[in-house]
Amino acid sequence: MNRTRFFAIEEALKPYKKHPEDAGWDLRAAASAEVEPWKTVAIDTGVSVMIPVGHVGICKARSGFGLKGLNVTAGVIDAGYRGRIHVVVQNLSDESIVIEKHERFAQILILPCLLSADFEIGEAPKDTERSASGFGSTGVK
Numbered sequence: 005m006n007r008t009r010f011f012a013i014e015e016a017l018k019p020y021k022k023h024p025e026d027a028g029w030d031l032r033a034a035a036s037a038e039v040e041p042w043k044t045v046a047i048d049t050g051v052s053v054m055i056p057v058g059h060v061g062i063c064k065a066r067s068g069f070g071l072k073g074l075n076v077t078a079g080v081i082d083a084g085y086r087g088r089i090h091v092v093v094q095n096l097s098d099e100s101i102v103i104e105k106h107e108r109f110a111q112i113l114i115l116p117c118l119l120s121a122d123f124e125i126g127e128a129p130k131d132t133e134r135s136a137s138g139f140g141s142t143g144v145k
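Following the numbering used here, the numbering of the sequence shown begins with 5 at its first residue and continues without gaps.
What follows is the structure, encoded as structure tokens:
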């Protein structure tokens, strides 16, 4: 299998992509949900997916919901998972956020991923220009 296959429990829940070149498919809520301030809930999308081996599904908030304070806190969908996608969202605002049934609130991106790695005991070599410089190491301007 080299194509992603989506399955929706009803036509209105099919993942949506407005433009063919868009990176992700919008996911809709299978039922209305209210996310109270500073609370975390899992929203059922009514969608399951067959992702090709060597790829992963990554769920993210749609930008409009991100501006309202909705954050997707988990969202890795492995190629072997066949259950319905539930998107874990957190309301980072002081107001309740209502997600209506069939409303597009999240998106899923299907990306290639590495499935194997080598493991060694010790520290990684510091043989790059950046080396171990982390937070703020590239400056702010």
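A virtual CB, placed ideally from N, CA and C, is assigned to each residue, including glycine.
Item: What does DSSP give as the partner residue(s) for Y20 in the beta ladder?; Value: D30
Item: For E78, list the residues DSSP reports as bridge partners.; Value: Strictly speaking, residue 78 in this sequence is Ala, with Glu absent from that position. Paired residues: none, contrary to the question.
Item: Based on Cα-Cα distance, which residue from L74, T142, C117 and K72 lies nearest to I81?; Value: C117
Item: Thinking C-beta only, is I103 closer than 8 angstroms to A33?; Value: yes
Item: How many angstroms separate the CA atom of D30 from the CA atom of F11?; Value: 14 angstroms
Item: If contact is defined by three or more beta carbon pairs under 8 angstroms, each pair taking one atom from either stretch, is the stretch 127-144 in contact with the stretch 57-74?; Value: no
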